[in-house]
């Protein structure tokens, strides 16, 4: 069992008397669908008949996404939810139906499932002879069969569903470049456990008068050194400002475990008030040119999916969002570097590895072609806005060598409970009695289990705080318990920023 790390509640806090099992109020879980057909298919959620309103009695179906041949797609579900697979050209041409249960989270659509081994071998030979499928599709089918076999062994050994793809990328530690790609995970032996990390990417306590977008030449070591010196007058290791605290050119931040399963940590005072206001300015349009639009809901897939539309999407996610890259300006770039220190990864991994003139090739650079971080997502939640329980992880293509997926999610709170936004400016909390003060909008992990509660945890918004959780387990499986939600904002405005690291 030790070879297959899994969730355990044996070390959650100090030893306590064994408690009787308590019912879990939230029953959601992740589902995954694999298409073993040689043609793309559509996956739909069948929500039954509409009970009332103008469309009363009509069937209500939601397109989860189009699944390419030998690829997969995923979505959050609940016991009893009905799904069906149809051709891409006719929704009424149903190919298979599936019911979500905790014991049936992964479904395969396999047109040749009922063939005997002898007939299957003959059919595959015929398809190859008649060029009915490609070499890539043949490999994909074989890979999924291996994955299916492994998932049964994994279930027996861990009592958990295998949601990732097998095999996982492997290295034996002999390659220093590959070693750099391996991700650190903060230990979560008990709730309240505290770790710390040092960072020399200090707080901005004052903004430079001019903030330009960074070009690739600005990441040359000489340019970076010059920029760091130029920014010293605006930065400090203390939120109160002053350069006197910069003697060591670093500061220490504490990482506190708030959940063991899923593995969730928080870092208070991760951002300074100046950095918080700068991100709010970008999100509100006071500065920059960030385009905020209705937040999207996409299926968990590496292939191109279709997002929900209209009322279906609004019921799931109702915020507005926009994206900025780390090159937005030196302040945003510094925040990305601080996030890299929190995750204990080389910040070079958060850049595109294009060649820089005058810089010699570094053989120690990890073998990644693209940055391992997405652009920062800025979100604005108004009264009534929220996001139902979902997962952040995605399902990569079975043929991808490195199996890329979201490893960790970092949530940065820009407004906290009681904070007021007036004309785009944040005013710190003076209590929730103010009609414009933020109330609600907690981040919930409904499947987190503690020694005190079996119905999840809630984390209240607090300006400048970072919450980080892992979307995968140490053994490479997706962490189904990482399902999380944003409670609806009752009043006021909630601003947050997300950074997804792969």
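In the numbering used here, the protein residues as written are 2 to 503.
Note that CB positions come from ideal geometry on N, CA and C, so glycine has one too.
All figures in this text were calculated on a predicted structure; none of them were measured in a lab.
query: 7 Å Cβ shell around residue 442 - same chain, five flanking residues per side excluded; result: 382, 462, 487, 488, 490, 495
query: Whether residue 394 touches residue 473 by CB criterion (8 Å); result: yes
query: Spatial neighbours of residue 155 in its chain, beta-carbon cut-off 6 Å, leaving aside the 5 residues before and after; result: 163
query: Residues bridged to residue 50 [DSSP beta-bridge criterion]; result: 60
query: Three or more C-beta pairs below 8 Å linking the stretch 65 to 85 and the stretch 412 to 428; result: no
query: Option nearest residue 92 by Cα separation, candidates 67, 343, 228, 132; result: 67
query: Proximity below 8 Å, CB of residue 195 to CB of residue 250; result: no
query: Residue 44, buried or exposed, once every other Cβ within 10 Å from all chains shown has been counted against 16; result: buried
query: Cβ pair residue 188, residue 449 closer than 8 Å; result: no
query: Distance between beta carbons of residue 34 and residue 73, contact taken as under 8 Å; result: 6 Å
query: Cβ-based burial, residue 322 [other Cβ within 10 Å; buried from 16]; result: buried
query: Where the beta strand (DSSP E) containing residue 492 begins and where it ends; result: 490 to 492
query: Backbone CA spacing between residue 158 and residue 152 [nearest angstrom]; result: 10 Å
query: Nearest candidate by alpha-carbon position, reference residue 330, set 294, 289, 347; result: 289
query: Any beta strand (DSSP E) of 3 or more consecutive residues that is wholly inside the stretch 422 to 455; result: 426 to 428, 444 to 446
query: CB of residue 32 within 8 Å of CB of residue 133, strictly; result: no
query: Cut-off 8 Å between Cβ atoms - residues of its own chain near residue 197, not counting five sequence neighbours on either side; result: 253, 254, 255, 256
query: With 16 other Cβ atoms within 10 Å as the buried cut-off, status of residue 418; result: buried
query: Status (buried if at least 16 other CB within 10 Å, exposed otherwise) for residue 118; result: exposed
query: Continuous alpha helix (DSSP H) stretch holding residue 338: start and end; result: 331 to 344
query: Under 8 Å between C-beta atoms of residue 27 and residue 457; result: yes
query: For residue 382, the first and last residue of its enclosing beta strand (DSSP E); result: 377 to 382
query: Where residue 295 sits in the DSSP three-state scheme; result: strand
query: Segment limits, alpha helix (DSSP H) that includes residue 231; result: 222 to 232
query: Rounded Cβ spacing between residue 79 and residue 101 (contact assumed at less than 8 Å); result: 7 Å
query: Simplified DSSP state of residue 199, which is helix, strand or coil; result: strand
query: Residue 232 vs residue 328 beta-carbon contact at 8 Å; result: no
query: Nonlocal neighbours in the same chain, by C-beta distance under 7 Å from residue 376, ignoring five residues either side; result: 324, 325, 326
query: Nearest-angstrom beta carbon gap, residue 353 and residue 372 [assumed within contact, 8 Å]; result: 5 Å
query: Separation of residue 168 from residue 55, as counted between CA atoms; result: 50 Å
query: Among 502, 427, 406, 469, nearest to residue 266 - alpha-carbon criterion; result: 469
query: Supposed close pair residue 425, residue 281 - CB separation, criterion 8 Å; result: 7 Å
query: Same chain only: Cβ atoms within 6 Å of residue 406, ignoring 5 sequence neighbours per side; result: 394, 395, 397
query: Member of 459, 208, 420 whose CA lies at the smallest distance from the CA of residue 440; result: 420
query: Cβ-based burial, residue 141 [other Cβ within 10 Å; buried from 16]; result: buried
query: Rounded Cβ spacing between residue 380 and residue 320 (contact assumed at less than 8 Å); result: 5 Å
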